[in-house]
Amino acid sequence: MALFKNIIGLIFLLLMQVSCSSDDNATPSLSAPLALNPSDITQNSFVANWAGVKDAQSYVLDVSSDIDFTSFVEGYQALSVNGIYTVVDNLSPSTSYYYRVRAVNGTAESSNSMVISLTTEIPDGSVLKELTQDFFIGTIVQSNRMTGMHHEVINREFSSITAEYEMKMNIMYPSEGVYDWTASDAIVNYAVENKLNIHGHALVWHNATPNWVENFSGTDAEFETMLEEYVKTVVTRYKGKITSWDVVNEAFNDGSGTYRNSVFYQRMGASFISKCFQWAREADPDVLLFYNDYNMCSDQTKRDAVFSMVDDLISNSVAIDGVGYQMHIAYNWPAKKDIQDATQDILDRNLKVHYAELDIRANPNNDQSTLTDARSLELKTKYKEIAELYTALPTVNKYALTIWGLKDNESWLLDFHGHIDWPLLYNNNFEEKDAYYGVLEGLVK
Ligand code: 9MR
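One gets our numbering by counting positions in the sequence shown from 1 and adding 1 to each.
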């Protein structure tokens, strides 16, 4: 009898356990699915994939055009899917999308998977300027490089031009009282005729100063009068045709951040900078005024000196609209984070950012005799990074991303460093390099 009771008790206990565990089954704790990379990406669709979750009966998928999932793609907000993949379609080309997925069993739903991002394919035949709606994509010109293939590529791909050297003081103002507008007029007229934006470069730069200014025979006061007349004459001449000017270029020393001992500094002290900005503003109230310099993402001391000067301009109500970072960089330098941090200094002052003079050395150590496939892809990656960083800036802070040249063999870098390199987007035959596609991909929002 005791044995019988014990057996009944045991059966009862077993039944209890079974019913308890089947209760548990009704509200299982589901783990979040592991979202996998998309497959079959086309211009208008992709396949979203994820790994199956034990006990899941189905899944729900969200697809959004922003990483915070505030703007869902129509039809893809909590879409129920019986399986571990689904086709997402009716998308736009060259656009970034984000997806995440949850597992479902009855009324139970897991937390979200990690977010996966992707970009739909860029249509064949896309050009750079089509992808830059809220800023200019620029290149440089010389007055004798505005025909043939140069003309074709400039107008097909770019929305802005900068004179490589012919709008500097040594060319426009070769001798006292005598201006030479031959090349600068040709370039500005070319921009106007072809509906290209033009960025003026550069009013005051120690490296493009005519000899007569270097050896100016008058007093310091006369020097200042001469400089004021020059700045106002040039800015007035191109008023309404030129959108922006680099007013002062490279006024600080590398490393120390002290003022460069240029003739402008010697004659006028540090105030030559604020005076040039002031004169440019007086000549044209609408033109955008930039300070432009190099090594801004790698030389913190110099950058701090530049921004201390910029802050002085701002606190003295002297017009400055933006800062240009000359992007003479290399495929492996500087790091993305350094570029972001440096750019933040411009954003913090709510000024416009110009990524100016972009060229990327593929052969900084002169240890390559040809551009290998591997290095070409590394170059592409760096170009893509720069284009992505610029594209991601707030619209209000954007102005232009300017590339310092078209074809590799026309780059100033070859002469300057005295060895072979491939720093630009086109090879010597004007064929698009991997670097070109890097920029194209980086410009996609
Ligand atoms: O690339 C430019 C080269 O063709 C000119 O001879 C030189 C002097 O005018 O200027 C080069 O461009 C410079 C730019 O104006 C300012 N930052 C450094 C660039 C390379 O020296």
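Ideal placement from N, C-alpha and C gives every residue a C-beta, glycine not left out.
Note on V205: 16 or more other CB atoms within 10 angstroms of its CB, so buried under the neighbour-count rule. Excluding five sequence positions before and after S46, the CB atoms of its chain that fall closer than 7 Å to its own CB belong to V88, V89, D90 and L92, given in chain order. By the criterion of at least three beta-carbon pairs nearer than 8 Å, the segment 317-335 is in contact with the segment 285-304.
The residues D300, T302 and K303, in chain order, have a CB closer than 8 Å to that of G256 in the same chain once the five nearest residues on each side in sequence are set aside. For H420, the closest of P365, K383 and P395 by C-alpha to C-alpha distance is P365. Contact between T120 and V445 holds: CB atoms are separated by about 5 Å, below the 8 Å threshold. Comparing alpha-carbon positions, the option among S66, Q267 and L394 lying closest to A252 turns out to be Q267. For D312, the closest of C298, K337 and D349 by C-alpha to C-alpha distance is D349. When C-alpha distances from K353 are compared across N145, Q345 and G439, the shortest belongs to Q345. Proximity of the beta carbon of K399 to ligand 1 is not indicated: no heavy atom of the ligand is located closer than 7 Å.
In this structure, I141 sits away from E122, with a CB-CB distance that is not shorter than 8 Å. Comparing alpha-carbon positions, the option among Q143, N367 and S275 lying closest to M310 turns out to be S275. By the Cβ rule, the segment 155-164 counts as touching the segment 192-199, because three or more pairs are nearer than 8 Å. Under DSSP, S160 shares a beta bridge with no residue.
Secondary structure of G325 (DSSP, three-state): strand.
E110 is bridged by DSSP to V105. Per the C-alpha coordinates, the member of E177, H151, L414 and D247 positioned closest to G219 is E177. Distance from the Cα of D305 is smallest, within the candidate group I85, Q279, V397 and N254, for N254.
Annotated as distal: V61 and V74, with beta-carbon spacing of 8 Å or more. With contact defined as three or more Cβ pairs closer than 8 Å, the segment 235-254 and the segment 172-190 are in contact. When the beta-carbon positions are compared, E433 and L426 come within less than 8 Å of each other. Rounded to the nearest whole angstrom, the C-alpha separation of K385 and E230 is 42 Å.
Look at V445 here: in three-state DSSP terms it is coil, with no helix or strand label. Note on geometry: alpha-carbon atoms of I85 and A49 lie some 8 Å from one another. Annotation for L402: I138, Y356 and Y391 place their beta carbon closer than 6 Å to its own, counting only its chain and skipping 5 residues before and after. T133 sits buried, since 16 or more C-beta atoms from the chains shown fall within 10 Å of its C-beta. If you keep only unbroken beta strand (DSSP E) runs of at least 3 residues inside the segment 77-157, you get 80-82, 86-89, 97-106, 117-120 and 137-142.
Look at G201 here: in three-state DSSP terms it is strand. Contact annotation, A203 with N250: C-beta distance approximately 4 Å; criterion of less than 8 Å satisfied.
Under the three-state reduction of DSSP output, L289 falls in the strand class.
Where T237 is concerned, the enclosing alpha helix (DSSP H) starts and stops at D221 to R238. The shortest CA-to-CA distance from Y437 to any of H152, R146, E158 and A109 is the one to E158. Under the 10 Å beta carbon count, Q279 is surrounded by 16 or more other beta carbons and is classified as buried. The secondary-structure analysis by DSSP pairs T403 across a beta bridge with G139. Between Y98 and F70, the gap from beta carbon to beta carbon reaches 8 Å or more.
The distance from the Cβ of G443 to that of I387 is about 7 Å, consistent with a contact at the 8 Å cut-off.
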